[in-house]
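Beneath this line is the structure, given in structure tokens, with notes to follow.
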Amino acid sequence: MFPADLKYMESHEWARREGDIVDVGVSDYAQAEIQDVVYVELPEVGTILEQHKAFGVIESVKAAFDLNAPVSGEVIEINEELEDAPELVNEAPYDAGWMIKIRMSDSDELEALMSAREYQVMIETEENE
Amino acid sequence: MNKPLQSLNFADTFVDRHVGPRLEDIESMLEKVGYASFDELIEDALPASIRYYQPLNLGKPQTESEMLADLRQIAAQNQVSRSFIGMGYYNCITPPVIQRNILENPGWYTAYTPYQAEIAQGRLEALLNFQTMIIDLTGLPIANASLLDESTAAAEAMGMCLAASKRGASKTFFVSEACHPQTIGVLKTRAEPLGIELVIGDHRTAVFDTPLLGALVQYPASDGPVYDYTDFAGKVHDAGGLLVVAADLLSLTLLKSPSEFDADIAVGSTQRFGVPIGYGGPHAAFLSTREEFKRRMPGRIAGLSQDVEGQPAIRLALQTREQHIRREQATSNICTAQVLLAVVAGMYAVYHGPDGLRRIAERVHLLTGVLREGLTRLGYALDDSCYFDTFSVDLNLLKDSSYLRNIEANQQPGSAPTPEDLFAIADKHRINFRVFDHSRVGISLDETTTIEEVRDLLDIFALGSPLPFAVEGLAIQAESEISEPLQRKSAYLTHPVFNTYHSETEMLRYIRKLQEKDLSLTTSMIPLGSCTMKLNATAEMIAVTWPEFSQPHPFAPLEQTRGYQILFEQLEAWLGELTGFPGISLQPNAGSQGEYAGLLVIRKYHQFYGDKHRDVCLIPRSAHGTNPASAVMVGMRVVVVDCDEEGNVDLLDLRAKAEQHSHELAAAMVTYPSTHGVFEEKIREICEIVHQHGGQVYMDGANMNAMVGICRPGDFGPDVCHLNLHKTFCIPHGGGGPGMGPIGVKAHLVPFLPTHPVVPVGGKDGIGPVSAAPWGSPSILPISWAYISMMGAMGLKHATEIAILNANYIAKRLEPYYSVLYKGSKNLVAHECIIDLRDFKKTASIGAGDVAKRLMDYGFHAPTVSFPVMETMMIEPTESESKAEIDRFCEAMISIRKEIAEIEEGQADQSDNVITNAPHTAVQVTQTEWVHGYSREKAAFPAPWVRERKYWPPVARINEVQGDRNLICACPPIDSY
Chain A
206 MFPADLKYME
216 SHEWARREGD
226 IVDVGVSDYA
236 QAEIQDVVYV
246 ELPEVGTILE
256 QHKAFGVIES
266 VKAAFDLNAP
276 VSGEVIEINE
286 ELEDAPELVN
296 EAPYDAGWMI
306 KIRMSDSDEL
316 EALMSAREYQ
326 VMIETEENE
Chain B
10 MNKPLQSLNF
20 ADTFVDRHVG
30 PRLEDIESML
40 EKVGYASFDE
50 LIEDALPASI
60 RYYQPLNLGK
70 PQTESEMLAD
80 LRQIAAQNQV
90 SRSFIGMGYY
100 NCITPPVIQR
110 NILENPGWYT
120 AYTPYQAEIA
130 QGRLEALLNF
140 QTMIIDLTGL
150 PIANASLLDE
160 STAAAEAMGM
170 CLAASKRGAS
180 KTFFVSEACH
190 PQTIGVLKTR
200 AEPLGIELVI
210 GDHRTAVFDT
220 PLLGALVQYP
230 ASDGPVYDYT
240 DFAGKVHDAG
250 GLLVVAADLL
260 SLTLLKSPSE
270 FDADIAVGST
280 QRFGVPIGYG
290 GPHAAFLSTR
300 EEFKRRMPGR
310 IAGLSQDVEG
320 QPAIRLALQT
330 REQHIRREQA
340 TSNICTAQVL
350 LAVVAGMYAV
360 YHGPDGLRRI
370 AERVHLLTGV
380 LREGLTRLGY
390 ALDDSCYFDT
400 FSVDLNLLKD
410 SSYLRNIEAN
420 QQPGSAPTPE
430 DLFAIADKHR
440 INFRVFDHSR
450 VGISLDETTT
460 IEEVRDLLDI
470 FALGSPLPFA
480 VEGLAIQAES
490 EISEPLQRKS
500 AYLTHPVFNT
510 YHSETEMLRY
520 IRKLQEKDLS
530 LTTSMIPLGS
540 CTMKLNATAE
550 MIAVTWPEFS
560 QPHPFAPLEQ
570 TRGYQILFEQ
580 LEAWLGELTG
590 FPGISLQPNA
600 GSQGEYAGLL
610 VIRKYHQFYG
620 DKHRDVCLIP
630 RSAHGTNPAS
640 AVMVGMRVVV
650 VDCDEEGNVD
660 LLDLRAKAEQ
670 HSHELAAAMV
680 TYPSTHGVFE
690 EKIREICEIV
700 HQHGGQVYMD
710 GANMNAMVGI
720 CRPGDFGPDV
730 CHLNLHKTFC
740 IPHGGGGPGM
750 GPIGVKAHLV
760 PFLPTHPVVP
770 VGGKDGIGPV
780 SAAPWGSPSI
790 LPISWAYISM
800 MGAMGLKHAT
810 EIAILNANYI
820 AKRLEPYYSV
830 LYKGSKNLVA
840 HECIIDLRDF
850 KKTASIGAGD
860 VAKRLMDYGF
870 HAPTVSFPVM
880 ETMMIEPTES
890 ESKAEIDRFC
900 EAMISIRKEI
910 AEIEEGQADQ
920 SDNVITNAPH
930 TAVQVTQTEW
940 VHGYSREKAA
950 FPAPWVRERK
960 YWPPVARINE
970 VQGDRNLICA
980 CPPIDSY
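Residue numbers (the working numbering), protein chains in the order written: chain A, 206 to 334; chain B, 10 to 986.
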């Protein structure tokens with residue numbers, strides 16, 4: 206159900222590793238919950254992030270949610286398309302809706318994140334509550 | 010009293026006009042709720058531990074005519090002078106068509122903030138006009154729908170500079186010493202807790218060799234000169250800062266716009282665009298900025314979108330910036346602003362158009378030139394800076410004192426006159442002007458200035474001696490050219506809306522057209538939880554536009570405003586009596602500002618006694634968004650306290666967190682009754698825990714309507730509370746302002762009440778000003794004074810009893826259809842009840858928002874949607890609604906429940922039904938083709954009584970997403986329609 210090659214956070218961000226770079230976005234579950242995304246606030250390139258701390262905000266008409274960093278490191282690229290087309294997060298949360306790329310400072314941090322299966326279990330448990 | 014004598018009493022008693030249910034209704038409503046009397050109902054509704062059983066000491070209740078006679082006597086003690094003081098406040102002419110049809114019209118002033126946009130298109134269009142006016146005149150492309158006053162707008166702009174700055178950057182903000190003193194005062198108050206270092210100085214000689222957050226300048230300067238800030242803007246930008254310009258709106262019709270010299274943010278007041286001075290308020294302030302800062306801008310923004318039929322529709326855009334969503338990360342704590350006054354100012358621009366406004370400005374400028382020419386001829390030496398309507402006179406500088414030397418009235422012939430010499434003559438003319446010091450005075454002219462008044466001013470400076478020239482003749486010599494580099498060359502107000510309605514008939518019809526689109530209290534009950542939409546009686550409103558209340562300048566000598574002083578004293582005494590707090594400040598002009606002021610008072614108290622490290626503020630999760638937003642503004646760290654399932658403060662969590670932060674605890678904020686409408690039994694314990702750990706308790710008084718006359722916050726624990734006079738005390742909601750948020754404090758906090766740099770008010774160790782004017786928005790205080798005066802102690806208690814009865818009656822009627830949440834220990838609610846709509850998402854794909862839209866088809870504004878709990882509705886009828894109206898509302902809700910059941914049971918389609926397609930417009934219902942699975946009649950006339958008076962929503966459901974993805978906050982070109 207959730208792409209197996211990604212790692213996930215409790216707060217619904219995903220991380221895709223490519224060497225020492227990590228792509229970040231939010232899961233399909235998150236975009237469905239948030240509904241129509243109207244704005245994504247992203248950090249500037251060069252910003253140093255700390256794992257689990259907020260790096261930006263995702264907004265719908267009625268709510269705003271912090272976006273949390275899956276790993277620590279430096280922001281090397283942000284998805285400029287989201288400025289004019291925030292709906293990409295809804296349409297393609299794992300591809301065109303990517304948000305930032307981080308150069309990891311400590312790749313071990315990835316181990317702390319959930320696998321696709323663990324994330325699935327977490328979602329199902331939440332829904333049953 | 011025997012009968013004949015009784016019949017001599019006036020018949021226009023007020024209590025019966027204010028409350029809705031009649032005696033016979035009350036009996037049957039009490040019965041429905043299960044009580045035989047009010048006493049028994051109130052006994053069970055409130056915890057015994059907080060009850061106040063004495064009658065309030067408020068004086069004998071007045072009938073409407075007695076109250077008005079009293080108020081006239083008070084008003085008569087205000088002297089209506091001609092004030093040429095300026096400093097951000099200028100007399101102006103309110104066009105009568107605007108005064109009668111907007112300012113004095115309940116169709117405009119009883120409306121709520123336009124969150125249900127489909128039923129608010131009229132005032133939203135008026136706000137879009139206002140924003141367009143600001144955008145055009147300042148040249149900056151993004152503007153909001155009003156802030157509270159010029160000084161707090163400047164403080165908000167400083168906050169935007171802080172938010173825009175990089176982490177670790179400097180926190181220095183430069184303020185020109187030529188800004189209005191009240192603005193400098195408010196900035197000082199705002200900067201200190203945020204760690205911003207204010208540097209106040211002369212912009213002409215300022216050097217920035219360290220990085221800057223930003224700078225604020227006044228345009229024209231407070232004492233008159235129009236400076237060219239182009240070079241200064243460069244210096245500020247080179248230092249990494251943003252330039253904020255506090256600009257006079259009328260002057261911008263003749264002067265280069267702030268964007269043309271690279272300003273990043275413009276702020277100011279729109280008071281002189283047709284809004285009475287009102288001894289300091291209320292007026293709408295503006296803020297405009299560059300596109301890149303739109304998401305950092307505080308306040309509400311009207312934005313254009315479309316409805317589902319593709320028709321243009323306006324709504325409040327980018328709400329996620331605001332406190333009700335972002336809480337402590339909001340751009341500001343502002344909630345209620347100054348919408349009614351923004352509507353007036355926007356309409357002033359619509360009525361006059363660009364040519365009319367320019368003519369007004371040119372006339373003021375010419376008269377100023379005439380005055381200057383006359384003073385020069387009398388021998389005064391004026392500095393030759395470019396000016397608009399204001400200049401100062403250094404009495405010691407005499408170019409040629411031969412004239413003055415020879416006149417008898419000069420106390421010391423051969424020397425210069427003093428300000429006191431001038432006052433002696435000025436008093437005879439009932440004229441006030443500005444005094445800087447022992448030798449310098451200032452004059453500001455305005456739209457209402459006449460050539461006769463210019464002659465009177467010259468008389469004063471001639472110390473009463475005959476003028477050696479004819480005043481009219483001066484006009485020919487008067488220099489009236491604005492110097493070329495500062496001249497306005499760019500066009501403004503080119504949109505057709507500012508160029509169409511220039512006859513009174515056209516203007517009247519335009520105003521009415523907009524009014525008719527809107528639902529207000531003149532249409533039906535507005536049962537918004539915690540908004541207390543009660544009657545705004547005509548007798549209460551009438552005095553607001555009396556000249557004695559609407560004309561005085563806020564900085565006029567206090568001996569001229571004895572009437573206002575009496576009113577303030579009485580109102581403070583009454584508010585003190587009914588809250589149980591001995592100290593009252595009338596300065597904060599909104600509930601959010603009351604919270605801000607109250608928290609600052611607490612902070613000052615701690616610092617005063619050496620507790621400089623106390624900065625933690627405990628706030629329950631269920632609190633209104635303004636609470637954490639305000640705490641952050643005073644530099645406090647917000648620690649959220651859990652609530653139990655009932656929305657009550659979780660005492661275990663409170664105790665744990667208070668202990669954890671014991672050494673740093675500054676305050677806790679509580680709302681009572683809670684935001685869930687419950688009289689928490691444990692309130693005394695909550696306050697004790699906080700006090701034990703050295704903190705002070707702030708109470709949000711938004712729900713005061715459940716307490717007046719039956720309990721007093723000062724008695725059961727809180728140290729300070731604010732009141733929303735625009736809720737509990739009848740100031741009309743105005744579509745989103747004006748408001749007033751005075752604070753009440755216990756004796757130990759009285760010394761710290763807000764002060765003001767121009768007028769002596771507040772505590773001896775008081776915090777600085779939190780508003781531009783010393784008493785907030787004084788001209789609307791007669792409204793609350795009148796209400797209390799006419800109700801008296803028994804009337805106010807009765808109102809509270811009925812408010813609680815009405816809410817419980819609704820709960821009982823709706824219980825079989827909707828789950829009523831959060832009842833107190835005796836199964837009663839307070840003055841509002843919350844119904845649960847959460848299940849309907851699953852069973853019928855219907856959300857609370859959909860039900861809100863369907864209520865529009867029944868002619869009702871929805872209750873509060875999804876606050877404090879998602880997918881619920883919070884219903885507050887107030888005491889002013891009659892049983893008939895309350896029953897109609899219940900019938901509408903019951904009927905909607907049946908409509909939901911039709912979907913649940915499969916009789917109606919989940920994606921095409923009366924609720925998902927609501928609201929239904931007249932255009933939709935009369936279309937030739939009808940494709941829905943229900944009848945047109947069911948869509949538009951869902952209950953028989955709807956036929957008697959149908960309110961038609963002017964637009965269908967609005968596409969909110971489109972409006973936020975593409976912000977359009979100015980009137981679009983006409984060909985886009």
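The beta carbon of each residue, even a glycine, is placed where N, CA and C say it ideally should be.
Here the structure is a predicted model, which means the values were calculated and not measured.
Neighbour flag for B:R309 against chain A, beta carbons, 7 Å: no
Nonlocal neighbours in the same chain, by C-beta distance under 8 Å from B:I740, ignoring five residues either side: N545, L734, P747, G748, M749, I789, I792, S793
DSSP state of A:F260 mapped onto helix, strand, coil: strand
Short CB-CB distance (under 7 Å) between B:I334 and chain A: yes
Bounding residues of the alpha helix (DSSP H) (the contiguous stretch that carries B:V353): 348-387
Span of the alpha helix (DSSP H), counted from its first residue to its last, around B:V42: 32-42
For B:G718 and B:L805, believed in contact at Cβ under 8 Å, the rounded distance: 5 Å
Within 7 Å of chain B by C-beta, residues of the stretch 282-315 of chain A in sequence order: P291
Top-ranked residue by Cα proximity to B:Q579, from B:F139, B:S160, B:I593: B:I593
For B:H731, the three-state DSSP class (helix, strand or coil): strand
Run of the alpha helix (DSSP H) containing B:Y228, from where it starts to where it stops: From DSSP, B:Y228 is part of no alpha helix (DSSP H) but of the beta strand (DSSP E) over 223-228.
Separation of B:N18 from B:V28, as counted between CA atoms: 21 Å
C-alpha distance - A:M214 paired with A:E332, whole-angstrom precision: 17 Å
CA-to-CA distance, B:M542 to B:P886, given in whole angstroms: 8 Å
B:E525 burial status per 10 Å Cβ neighbour count (16 or more: buried): exposed
Cβ of B:V195 within 7 Å of any chain A Cβ: no
DSSP-derived helix/strand/coil call for B:W117: helix
Contacts of A:D241 in chain B (Cβ-Cβ under 7 Å): V970
Limits of the unbroken beta strand (DSSP E) element including B:I662: Note that residue 662 of chain B is Asp in the sequence shown, not Ile. Taken as a continuous stretch (DSSP letters only), B:D662 belongs to no beta strand (DSSP E), being part of the alpha helix (DSSP H) at 660-669.
Of the residues B:V184, B:D48, B:V195, the one placed nearest B:G210, counting alpha carbons only: B:V184
DSSP beta-bridge partners of B:D122: Looking at the sequence shown, residue 122 of chain B is not Asp but Thr. In DSSP, B:T122 forms no bridge with anything.
Stretch pair the stretch 163-177 of chain B + the stretch 290-308 of chain B: three plus CB contacts closer than 8 Å: yes
Anticipated Cβ contact below 8 Å, B:A676 with B:I575, distance rounded: About 34 Å separates the two Cβ atoms, so there is no contact after all.
Interface residues of chain B facing A:A268 [CB-CB closer than 9 Å]: T329, I334
Beta-bridge pairing of B:F898 - partner residues as DSSP gives them: BP columns for B:F898 are empty, so no partner.
7 Å Cβ cutoff, A:E279 in contact with chain B: no
The stretch 27-41 of chain B / the stretch 671-689 of chain B touching (three or more Cβ pairs under 8 Å): no
Where B:T635 falls: helix, strand or coil (DSSP): helix
Where the beta strand (DSSP E) containing B:R91 begins and where it ends: 91-93
Assigned exposure category for B:K69 - 16 Cβ within 10 Å defines buried: exposed
Chain-ordered chain B contacts of A:Y244 [CB-CB under 9 Å]: R304, L327, T329, D973, R974
C-beta contact flag for B:T873 and B:L530 at 7 Å: no
Where A:K335 falls: helix, strand or coil (DSSP): Chain A is shown only over 206 to 334; residue 335 of chain A falls outside these bounds and no answer can be derived.
Secondary structure, beta strand (DSSP E): runs of 3+ residues fully inside the stretch 788-861 of chain B: 828-830, 842-845
Distance, B:S453 Cα to B:I102 Cα: 16 Å
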